[in-house]
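Just so you know, the protein sequences line up as chains S and L, in that order.
Just so we're aligned, residue 1 is where the first sequence starts under the numbering used here, counting upward by one.
Just so we're aligned, residue 1001 is where the second sequence starts under the numbering used here, counting upward by one.
For glycine and all other residues, C-beta sits at the position ideal for the given N, C-alpha and C.
Being a predicted model, the structure only gives us computed values, none of them experimental.
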Amino acid sequence: DAKTTQPPSMDCAEGRAANLPCNHSTISGNEYVYWYRQIHSQGPQYIIHGLKNNETNEMASLIITEDRKSSTLILPHATLRDTAVYYCIVGDPNRDDKIIFGKGTRLHILP
Amino acid sequence: DTGVSQDPRHKITKRGQNVTFRCDPISEHNRLYWYRQTLGQGPEFLTYFQNEAQLEKSRLLSDRFSAERPKGSFSTLEIQRTEQGDSAMYLCASPGELDGYTFGSGTRLTVV
């Protein structure tokens, strides 16, 4: 079973920041938080990952709480092309762990 | 192009026929994963290779399913005697060092 909990769907207005929450209360010390997204009819696409520090790249920012039990993916200026299912996953990159996906959050960007 | 190639992109087959899908992963990665995704669900793990060795198989992988990775390069996933319940997107993934997994665009199978 997936070790994360996400809301099934969210709406966000185009141009605004989209904040996608994820709970991972049973995360272990060696596990990172990964975010992927899946646009319709494509394979999942890696977005960002982090261990305990906040991370930012050209696609998004990842905010991880101090206790590491939850995180938020931030898309700073959402566009219509960001409409997708977003998956939050925890895993240890030093092990041959398979990714266990949950159902993710379906993000709708509204024009 | 994600760097992981899957062929074909779409396959329609009649129930009872055999089908085979191919995955060409990112060349320098020795691990390769197969997933299956049905409508409205996240991808489900099927099996995993380290080089040519198949190290783990999900209980979803019935005896009608077989996967191979000869020479530790490309991989094939075969489904024998297809059933309508096999209709799904079949995804292949190749992990990076620290930047997560790279997925192919998948093969969408429709069994009629």
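Residues of the same chain with a CB within less than 8 Å of the CB of L1032 (chain L), apart from the 5 flanking positions on each side, are C1023, P1025, Y1048, F1049, R1069, S1075, C1092, A1093 and S1094 in chain order. Contacts between Y86 (chain S) and chain L, judged by CB atoms closer than 7 Å, are missing: the closest CB pair is about 11 Å apart.
For H49 (chain S), the enclosing beta strand (DSSP E) stretches over residues Q45 to G50. Taken in chain order, the members of the stretch 35-50 of chain S whose beta-carbon sits within less than 9 Å of a beta-carbon on chain L are W35, Y36, Q38, S41, Q42, G43, P44, Q45, Y46, I47, I48 and H49.
Here the stretch 66-74 of chain S makes no contact with the stretch 1004-1021 of chain L; the two share fewer than three CB pairs at distances below 8 Å. Residues of the stretch 65-77 of chain S that bring their beta carbon within less than 8 Å of a beta carbon in chain L are absent altogether.
For H1029 (chain L), no beta strand (DSSP E) run applies, since DSSP gives it neither H nor E. Excluding residues up to 5 positions away in sequence, G1016 and R1064 lie with their Cβ nearer than 6 Å to the Cβ of R1081 (chain L) in the same chain.
Using a Cβ distance threshold of 8 Å, I74 (chain S) and A13 (chain S) do not count as a contacting pair.
Secondary structure of K3 (chain S) (DSSP, three-state): coil. In this structure, T105 (chain S) and Q6 (chain S) form a Cβ contact; the two beta carbons are roughly 5 Å apart against a cut-off of 8 Å. The three-state reading of DSSP puts K1014 (chain L) in coil, since its state is none of H, G, I, E or B.
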